[in-house]
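Numbering (this note's numbering), first residue to last: 801 to 1090.
The next block holds one structure in the form of C-alpha cells; read it before the comments.
See the structure below:
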C-alpha cells in the first residue's frame, strides 16, 4: 500500500495527540508540526504509511525528548487486558466453535483503542459478539490451521496482545508451533518483546523480534530469521491495519485479522469503516520472498 492523500491529515492528528498526552507547550507543538509537515512534503509518495510513520515518530521523539512516548499507556493497556483474561477464556470454553470464538476475540482486541479506553468494561466487550464479519474467510483459515504444523502470528498493539494470547493458547493446545512476531523498537503503542512477555505470550509461543522498527512489517528491515519464518510457516496470521498496509501485496497467503479503521484500508478490502474482517490476502508465490 502506498500513501494516500487522506493519510497526511492523519499523521498530523497523531502528532497533536502525542503532544496532548505529553502536555507539550504550544511553541513545541508548532515547531514539531512544521518539521513533520516539511518531512511529509518531501517524502516519496510511493512509500507506505508505516514507513513514513517510523520517521514521523523519530521526529516526535527527538523534538520532545521522549524515546517511547506511549510506554506508560502500553503498561496500562496490558494491565487492563490481563484483568479481562479470565472472562475471555471463559467465552472460548463455552463457545460452540472455540477456534472461531478465539479468532473473534483476537479481532475484538484490535477494535479497542486501549490508549483512550481505561473505562472499557466486560459488558461492553460482550456486546461485540453480535457484530457480524463484513468479510469472513474463517472457513479457509480453519481448514488451513487444521493441516498446519507451524503458525507465524504477527502482533500489533500492547493490550491487544492479551487478546491474541487467547487464540495463541488455543493453537498451542491444538499442537501447533506458534511464533509470535513483535516490533524491534518502540513505535507508537505497538507491541515489543517486553509487552508480549508481560502478556504471557512466551508461555505458549516463541516470541520473535521481527527486526521492523515501524508500525508494520517493513520487509527491507526485517531479520533473516523473520524472512524464513514468513516464507516457511504453514499459516501466517497478521493483526491490525499497520501490518496489512505493509503486507497486502506480499507474495504469499496471509490471513489478516483486523477492524477497518479508515476509509482507505476499508476501500482496499471492500469493507466499510468499523467493519470486523477475517481477510485472506496476499499472493501464493512464496519463492519470490527469497
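By construction, the Cβ of each residue, glycine as well, lies at the ideal position given by its N, Cα and C atoms.
Whole-angstrom C-beta distance between residue j and residue i, which should lie under 8 Å
| i | j | result |
| --- | --- | --- |
| residue 971 | residue 978 | 5 Å |
| residue 1007 | residue 997 | 7 Å |
| residue 1042 | residue 850 | 5 Å |
Distance between residue j and residue i (C-alpha atoms, nearest Å)
| i | j | result |
| --- | --- | --- |
| residue 1060 | residue 1072 | 7 Å |
| residue 1055 | residue 1001 | 20 Å |
| residue 999 | residue 1018 | 24 Å |
| residue 919 | residue 959 | Because the pLDDT at residue 919 is just 48, under 50, the model does not fix this residue reliably, and the point stays unresolved. |
| residue 818 | residue 892 | 36 Å |
| residue 932 | residue 835 | 42 Å |
| residue 810 | residue 830 | 16 Å |
| residue 840 | residue 1066 | 23 Å |
| residue 934 | residue 1068 | 13 Å |
| residue 852 | residue 1016 | 11 Å |
| residue 1024 | residue 1075 | 34 Å |
| residue 914 | residue 1045 | With a pLDDT of only 43 at residue 914, under the threshold of 50, the placement of this residue in the model should not be trusted; the figure read from the coordinates follows. Their Cα atoms are separated by approximately 21 Å. |
| residue 845 | residue 808 | 11 Å |
DSSP state of residue i mapped onto helix, strand, coil
| i | result |
| --- | --- |
| residue 1082 | strand |
| residue 949 | coil |
| residue 881 | helix |
| residue 1077 | strand |
| residue 1023 | coil |
| residue 875 | helix |
| residue 845 | coil |
| residue 1001 | helix |
| residue 996 | helix |
| residue 815 | helix |
| residue 820 | helix |
| residue 1017 | coil |
| residue 915 | Confidence at residue 915 is low in this model, with a pLDDT of 38, below 50, so its placement is unreliable and the value that follows should be read with caution. Helix at residue 915. |
| residue 804 | coil |
Own chain, CB closer than 6 Å to residue i, minus 5 neighbours either side, in chain order
| i | result |
| --- | --- |
| residue 906 | 963, 964, 967, 1057 |
| residue 881 | 959, 962 |
| residue 1063 | 1073 |
Sequence-distant residues of its chain with Cβ nearer than 7 Å to residue i (five each side left out)
| i | result |
| --- | --- |
| residue 822 | 864, 866, 869 |
| residue 1086 | No answer about residue 1086 holds up, because its pLDDT of 42 lies below 50 and its placement is not dependable. |
Other residues of its chain near residue i: CB distance less than 8 Å, five sequence neighbours each side excluded
| i | result |
| --- | --- |
| residue 847 | 802, 803 |
Buried or exposed by the 16-neighbour rule on C-beta atoms within 10 Å, applied to residue i
| i | result |
| --- | --- |
| residue 1003 | exposed |
| residue 995 | buried |
| residue 1131 | The requested residue 1131 does not occur in the structure, where the chain is confined to residues 801 to 1090. |
| residue 1070 | exposed |
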